[in-house]
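Structure first, then comments.
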Amino acid sequence: MKDSFFRSMTWLHTWVGLLMCWLLFLIFFAGTISFFRHEISLWNQPAVHSIDNKPTEQKALISAGLDYLHEKAPEANRWWIGLPSPRQPEVHVSHRHSQPDGQRDKWIDERLDPNTLTQVEGIVDTRGGNFFYRLHFDLHYMDRKLARWLVCLASLFMLIALISGIVIHKRIFKDLFQFRPQKGVRAWLDAHNLSSVLALPFHLMITYTGLVTLIFMLFPDPANTLYEEGVKGFRADFYPERQSIKKSDQPLNSPAFESAFAHFHQNWPEQKIKRVIVDYPTDLSATIKIYGDNGTLIRDEYPYWQYSGSTGELIKTARLDPSGGEVLYGGMIAVHSGRLAHPGLRWLYFICGIAGCVMIATGCIMWAKRIRERLKPNQSPSFGLKLVEALNLGTIMGLPLATAGFFYANRLLPAEVTGRADKEILAFFLIWLAATVTAGLWRSRRAWQRFAHLNAAVWLLLPICNALTTDGNLITYIMDGKWILASFDLTFLATAAVFYMQGNKLGAQSNTVKQGSVQNRRLGREQKA
Numbered sequence: 022m023k024d025s026f027f028r029s030m031t032w033l034h035t036w037v038g039l040l041m042c043w044l045l046f047l048i049f050f051a052g053t054i055s056f057f058r059h060e061i062s063l064w065n066q067p068a069v070h071s072i073d074n075k076p077t078e079q080k081a082l083i084s085a086g087l088d089y090l091h092e093k094a095p096e097a098n099r100w101w102i103g104l105p106s107p108r109q110p111e112v113h114v115s116h117r118h119s120q121p122d123g124q125r126d127k128w129i130d131e132r133l134d135p136n137t138l139t140q141v142e143g144i145v146d147t148r149g150g151n152f153f154y155r156l157h158f159d160l161h162y163m164d165r166k167l168a169r170w171l172v173c174l175a176s177l178f179m180l181i182a183l184i185s186g187i188v189i190h191k192r193i194f195k196d197l198f199q200f201r202p203q204k205g206v207r208a209w210l211d212a213h214n215l216s217s218v219l220a221l222p223f224h225l226m227i228t229y230t231g232l233v234t235l236i237f238m239l240f241p242d243p244a245n246t247l248y249e250e251g252v253k254g255f256r257a258d259f260y261p262e263r264q265s266i267k268k269s270d271q272p273l274n275s276p277a278f279e280s281a282f283a284h285f286h287q288n289w290p291e292q293k294i295k296r297v298i299v300d301y302p303t304d305l306s307a308t309i310k311i312y313g314d315n316g317t318l319i320r321d322e323y324p325y326w327q328y329s330g331s332t333g334e335l336i337k338t339a340r341l342d343p344s345g346g347e348v349l350y351g352g353m354i355a356v357h358s359g360r361l362a363h364p365g366l367r368w369l370y371f372i373c374g375i376a377g378c379v380m381i382a383t384g385c386i387m388w389a390k391r392i393r394e395r396l397k398p399n400q401s402p403s404f405g406l407k408l409v410e411a412l413n414l415g416t417i418m419g420l421p422l423a424t425a426g427f428f429y430a431n432r433l434l435p436a437e438v439t440g441r442a443d444k445e446i447l448a449f450f451l452i453w454l455a456a457t458v459t460a461g462l463w464r465s466r467r468a469w470q471r472f473a474h475l476n477a478a479v480w481l482l483l484p485i486c487n488a489l490t491t492d493g494n495l496i497t498y499i500m501d502g503k504w505i506l507a508s509f510d511l512t513f514l515a516t517a518a519v520f521y522m523q524g525n526k527l528g529a530q531s532n533t534v535k536q537g538s539v540q541n542r543r544l545g546r547e548q549k550a
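Shown next as structure tokens:
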């Protein structure tokens, strides 16, 4: 009975892990990168690299942003002001404009230097780190709802694989300290066990909380029971700031900003502001929305104040004193996204995410190697094995290559090109597609070595490309104390070193395998003679 149970758990662990492993690798890979999505967005905008992140009074920044938008876009139906932070040094100002014939509203994004309160020139169109953030649960180029259902299914498979893996791990603590290189499949198993056990709490947390973020899509019945409009009614109650207001079509000369902010600062003097949004700023129905900054609190949504634009009176507030359910739900989402994390904790998230990628990758590779080792000398590999090997190579080696291509596209595409942000993303997917097609045609160990060395080369050249296309480089970043930008170059170089060592190791193993096969053929000829 016991042996049958463990065999069943082993079978379950193998197949739930394999069936969704490539999608899981993409989710983990993009999710891991998106822990630094704001830093990536900063790197992708060289125009703001020269801004010194000095503390500036928020009142002055908000006033400057409102004055700028009033002069630049008085006809816009929404103003948006994001205040600077250690991860985003500029003042982010946006204005939204209605489009004819039912088209989507058009957003125009701009940046202000918080020190001079002037517009930053040279801003380029880019999605930055938000591309990877959205990719890890919206998958891009797909229907959003379908993509999220696929991600939920993959996360559920991941959770089952983790739990069944714990069950079948008879020596879970011993495997934490055991790694036997040069042992064929056993080495891949040790790497799989090590990366699994080392970051096991993180894997369980990130998978479970990932499901929680979409819990009302998976289980809408509670909302449907409590609200007449179901999930829509729940969201209207939980996110009052997202509800649209009706335009009155009566003009308003100037919103009552002074009255609104005077009331806010008088009643909540210690509360820092994250962003300010003004809806219909020149209409009598104008509203002023103030979002507080959570800092490092384990909370997802921001506290919220809504004021009347015409009178400056407080209309409503939200999440100033959240309930236990709101704290639990928002806390799980905050823990999943790492929004609470200071730089050290964010790097820990990143390292654990890389461990998750290694865990998934080694599991895929180990399955293919075991099947290939069981083949008889005269037996051809099945289509399923060829497909798994091609997807392993195209995904595990292709995604890092495509990510490097995304960064190259950001630096090399002309600033004035139409749809520049979409072309950066297109470069990512085209490179990944090319890598996958190549993997389908060429799946040998030599191909893995070539891909590893290619990755090493492109990541090594990224700091050089950055230095040639911007005004900064690793040395100047360190001298000026711009550690976020310096960490990019250092990470690029470290990634190149890892791929270079992996390529050399694969080459050495390939030579060993060749020598072994030559010796075997020689022995066979001698025995026949």
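Quick note: the sequence shown uses the working numbering, first residue 22, plus one each step.
Ideal placement from N, C-alpha and C gives every residue a C-beta, glycine not left out.
- Take the alpha-carbon of Glu250 and the one of Leu171: they are about 26 Å apart.
- As the crow flies, the alpha-carbon of Leu219 is around 18 Å from that of Arg207.
- By the 16-neighbour rule on beta-carbons within 10 angstroms, Val112 is buried.
- In this structure, Asn98 sits away from Tyr328, with a CB-CB distance that is not shorter than 7 Å.
- Under the DSSP assignment, Trp326 falls in the beta strand (DSSP E) whose first and last residues are Tyr325 to Ser329.
- Of the candidates Ser25, Glu96, Leu414 and His157, His157 places its Cα closest to the Cα of Arg58.
- Inclusion of Met30 and Ile189 in the CB contact set at 7 Å is warranted, their separation being smaller than that value.
- The C-alpha of Thr497 is placed about 13 Å away from the C-alpha of Ile485.
- Trp101 is bridged by DSSP to Ser115 and Ile298.
- Note on Pro76: under 16 other CB atoms within 10 angstroms of its CB, so exposed under the neighbour-count rule.
- In this structure Ile83 is buried. Its beta-carbon is surrounded by 16 or more other beta-carbon atoms within 10 angstroms.
- The Cβ atoms of Phe56 and Ile381 lie no closer than 7 Å to each other.
- DSSP places Lys337 in the strand class (E or B) of the three-state scheme.
- Around the beta carbon of Trp504, a 10 Å sphere encloses fewer than 16 other beta carbons of the protein chains shown; the residue is thus reported as exposed.
- Linking Phe237 to Tyr162 through their CA atoms gives a straight-line distance of about 23 Å.
- The residue among Val37, Ile54 and Thr416 with its C-alpha nearest the C-alpha of Phe178 is Val37.
- One Cα belongs to Val297, the other to Gly415, and the distance between them is close to 44 Å.
- A distance below 7 Å separates the beta carbons of Ile354 and Thr234.
- If you look at Glu347, you'll find it in the alpha helix (DSSP H) that goes Gly345 to Ser358.
- In the three-state DSSP reduction, Thr230 falls in the helix class (H, G or I).
- In the DSSP assignment, Asp130 is bridged to Ser115.
- A direct Cα-Cα distance of roughly 21 Å separates Arg28 from Cys42.
- Per DSSP, the beta-bridge partners of Gly313 are Ile294.
- Assigned with DSSP and collapsed to three states, Pro121 falls in coil, not helix or strand.
- Inter-residue distance for Gly345 and Phe223 is about 24 Å (C-alpha atoms, whole angstroms).
- Within the model, the alpha-carbon separation for Trp100 versus Ile309 is close to 10 Å.
- Within the same chain, Asp159 and Leu160 come within 6 Å of Ala168 by CB-CB distance, once the 5 residues on both sides are set aside.
- Rounded to whole angstroms, the separation of the alpha carbons of Glu262 and Phe282 is 18 Å.
- For Thr497, the three-state secondary structure derived from DSSP is helix.
- Excluding five sequence positions before and after Tyr154, the CB atoms of its chain that fall closer than 7 Å to its own CB belong to Ser55 and Arg58, given in chain order.
- In this structure, the straight-line span from the alpha carbon of Asn65 to that of Phe513 is close to 14 Å.
- For the pair His70 and Arg256, the Cα-to-Cα distance works out to about 38 Å.
- Residue environment: Met387 is assigned as buried (16 or more neighbouring CB atoms within 10 Å of its CB, all protein chains considered).
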